[in-house]
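Protein chains in written order, with the numbering used here: chain A, 11 to 227; chain B, 11 to 227. What follows is a short report on a single structure.
Number of protein chains: 2
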Amino acid sequence: MVSLTEENYLKALLSLAKEKGEVNVTDLSKHLGIKMPTANSMMKKLAEKKLVVYESYKPLRLTEKGKKTAGLIIRKHRLTEMFLVDKMGFGWEQVHEIAEQIEHIHSQDFFEKMDELLGYPKFDPHGSPIPDKNGKMEWISYQTLTHCNVGDVVHLAAVTNSSAEFLKFLNARELKLGARLRILAIESFDKSMTITYDGRSDEVLSALVCEKLLVTL
Amino acid sequence: MVSLTEENYLKALLSLAKEKGEVNVTDLSKHLGIKMPTANSMMKKLAEKKLVVYESYKPLRLTEKGKKTAGLIIRKHRLTEMFLVDKMGFGWEQVHEIAEQIEHIHSQDFFEKMDELLGYPKFDPHGSPIPDKNGKMEWISYQTLTHCNVGDVVHLAAVTNSSAEFLKFLNARELKLGARLRILAIESFDKSMTITYDGRSDEVLSALVCEKLLVTL
DNA sequence: GTAAAATGTTAGAATAGACTAACAAAATTT
DNA sequence: AAATTTTGTTAGTCTATTCTAACATTTTAC
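Rendered as C-alpha cells:
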C-alpha cells in the first residue's frame, strides 16, 4: 500500500528525474515544500518498500516498481485534467489544482471510464503525454521556444508549467496549444522574443515565458 | 480547517442523527469502525472547533456549524453519485465507494460545475435528497415498504442502503427507482412480501430487503 | 589541497489519529 | 435498591508525517 503522501513523493521524484536526470534530496524537498530531513527519512521508507534506490550521499533513483507507480499516478492526474477540460468545460488554467487531488482516488473503474469517455487520449490539456496503463510514458523531446531562431516558424506543442498564473497569462494573449508561431526578433540583451501568431502580431514574450513553451517544427 | 478524518466523523454524526435523533459514542464508533475512546477524543476535538456539543455522559449533538459542514459534505457526495451515474454511465451500485472519496475534494468550482451539468438535481441516484449550497437538506418522510399492506400500490422512491451488494440484488430483480409496486401478499411468519411490478410478477422480498425500500403512494 | 559552502544524515520532539487497559458513570435486571 | 451490564472516560502507547538542531560528508573555491 502506498499512502497519499508517498504517492506525492514518487510523483515528485519522477518529474524531477525527467527534468534533471538525477534527483537529490535538496531538489526533492524544495519541490515538495518540505525540509530536507523529512524527505530523507521518506526516501529510506520508500527504499524499504522497493520503490526507491537509496544509498547514503548518492543521488536518488526510482526502481522500476517506483517508476510504474509514479507513472500511474501521473496517468490519473492527466486523464483527470483532460476530463475536466473536455467533458466538464473547465479552462486549462483551472484543472491542475483539482487533478492534484483526484489523482489519489483509488478506483480503477473511475479512471478507465474517463479514458473511455475521452477516447483514449495521448496528451493532457497542457500537451503532456498521458502514461499508458503500465505507467509508461512516451517522452517526446520537444524544444523550448528559447532554442529557436529569428525567422523560425513553429507550433506550440506543450507548456512545462500548469500553474493558473502562467496559463492565465497565455490566455490573455490568446496563446493556445497548436498555435503557429513566427519568430520576428530576439532581443540579445534579455533574450525576450517578438512573435506573431493567429490574430496577434508583435507579441513580446520574456525568456522566462519562452522557456516554458515547448514547440515543434 | 476540517481534516478528511473530521469530515467523516461529521458525516457519520449527521446520518446517525437522522436515523436515531440522538447519537451516542458507541453507535458513532461502530458506524465508523473505530474504537470508542478514539471517537470520544475526536468529539472533544470537534467540540473545541464548535462543530459538536460535547458534555460528559450526554448524547452528542452537532452545532449549526457542524450540521452545515456535514450537510455540505453530503451534498458533494450525492452530487458526485449523480454525476457518475448520469454523466459517466456508472451503475447506481458502483458509485457509493467512489463518491466516498471524491466528497473530500476541496474545490467549490468542481462541484458547482457538476451541479450545473446535471441541471441542479434534487435527488441522488438512490433517491436521497441533495442538500442545498447551505448544507440544508429537505427531509422527506417516505415509508418503508415494511409498513405497507396487502393490496397497496406504491412507488419505489428511495433505498436506504447504497452498498453494491444490496443494489446488485435489486438490479438482478430489475427493481428500479420509480417502479410501481403492487403488494400481493405478506407472509405473517417472517414478514416477507410478494410483490408485482413492471415485467416481474410474484417476486418475494424478505423483510430485511423491504425495510430498506422507501415508497410513496 | 585546504577552507568554505553546499548537501546529506542522525537524533529527538511535535501533532494527528488510532489503539488497549483500566476505571467511572449510567442504565438495566432481578 | 443492589448487582450486573452497558456505556463513557482517562491515561498511556503506537505509527505516520512533519519539524529543528546538531553533526557528517561531498563539492567548490581559492
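The beta-carbon is built from N, C-alpha and C at its ideal position, and this holds for glycine as well.
Report the option in the options whose CA atom is closest to the CA atom of residue i.
i: A:Thr206; options: A:Thr48, A:Ala168, A:Leu194, A:Glu122; result: A:Leu194
i: B:Lys201; options: B:Asn159, B:Ser39, B:Arg210; result: B:Asn159
i: B:Ala217; options: B:Ala22, B:Ser198, B:Tyr152, B:Val62; result: B:Ser198
i: A:Gly161; options: A:Ser173, A:Pro135, A:Arg192; result: A:Arg192
i: A:Leu26; options: A:Asn181, A:Thr170, A:Thr204, A:Val225; result: A:Thr170
i: A:Leu223; options: A:Gly43, A:Ser172, A:Met92; result: A:Ser172
i: B:Gly99; options: A:Ala109, A:Asp119, A:Asp96, A:Lys60; result: A:Asp119
i: A:Leu155; options: A:Leu61, A:Val225, A:Ile196; result: A:Val225
i: A:Glu17; options: A:Val62, A:Phe93, A:Lys28; result: A:Val62
i: A:Ala182; options: A:Ile196, A:Ala167, A:Val214, A:Val163; result: A:Val214
i: B:Gly76; options: B:Lys60, B:His87, B:Glu65, B:Tyr64; result: B:Lys60
i: B:Gln153; options: B:Glu58, B:Glu65, B:Leu227; result: B:Leu227
i: A:Met147; options: A:Glu74, A:Lys45, A:Leu127, A:Glu65; result: A:Glu74
i: A:Ser211; options: A:Pro47, A:Glu184, A:Tyr130; result: A:Glu184
i: B:Val219; options: B:Gly209, B:Val12, B:Ala168; result: B:Ala168
Please check the pair residue i and residue j, which I expect to be a contact at CB under 8 Å, by giving their CB distance rounded to whole angstroms.
i: A:His165; j: A:Arg190; result: 6 Å
i: A:Gly137; j: A:Leu187; result: 5 Å
i: B:Asp125; j: B:Glu91; result: Not a contact, Cβ separation roughly 13 Å.
i: A:Thr204; j: A:Gly145; result: Rounded, the Cβ-Cβ distance is 41 Å, inconsistent with contact.
i: B:Pro139; j: B:Lys132; result: 6 Å
i: A:Phe179; j: A:Leu128; result: In fact, because the Cβ distance is near 27 Å, the residues do not count as touching under 8 Å.
Using a Cβ-Cβ cut-off of 6 Å (strictly less than) and excluding sequence neighbours within five positions of residue i, which residues of its own chain qualify?
i: B:Leu177; result: Trp102, Glu103
i: B:Val163; result: Arg192
i: A:Ala109; result: His87, Thr90, Glu91
i: B:Met46; result: Val35, Ser39
i: A:Leu42; result: Ala22
i: A:Lys28; result: none
i: B:Glu221; result: Thr154, Thr156
i: A:Asp37; result: Leu26
i: B:Phe121; result: Lys86, Leu89
Leaving aside the five residues before and after residue i along the sequence, list all residues of the same chain whose C-beta is less than 7 Å from its C-beta, in chain order.
i: A:Asn50; result: Val35
i: A:Tyr64; result: Met53, Lys54, Ala57, Leu70
i: B:Ile150; result: Pro139
i: A:Asp208; result: Glu184, Ala189
i: A:Ile196; result: Val160, Met203
i: B:Ile44; result: none
With a CB to CB cut of under 8 Å and the five nearest residues on each side skipped, what residues in its chain are close to residue i?
i: B:Glu107; result: Ala174
i: A:Val95; result: Gly101, Trp102, Val105, Pro135
i: B:Thr15; result: Met52
i: A:Thr48; result: Ser39
i: A:Val12; result: Leu20, Lys59, Leu61, Thr79
i: B:Tyr130; result: none
May I have a chain-ordered list of the alpha helix (DSSP H) segments no shorter than 4 residues that lie completely inside the segment 169 to 217 of chain A? 174 to 182
So does the segment 29 to 38 of chain A actually touch the segment 68 to 83 of chain A, counting three or more Cβ pairs closer than 8 Å? yes
Flag this pair as touching only if the segment 41 to 54 of chain A and the segment 109 to 117 of chain A have three or more C-beta atom pairs under 8 Å; answer yes or no. no
Is the segment 81 to 88 of chain A touching the segment 18 to 30 of chain A in the sense that three or more CB pairs, one from each, lie closer than 8 Å? yes
At what residue ranges does the segment 40 to 68 of chain A contain a whole run of the alpha helix (DSSP H), taking only runs of 4 or more? 46 to 58
Ranges of the alpha helix (DSSP H) found wholly within the segment 103 to 161 of chain A, counting only runs of at least 4: 105 to 112, 118 to 128
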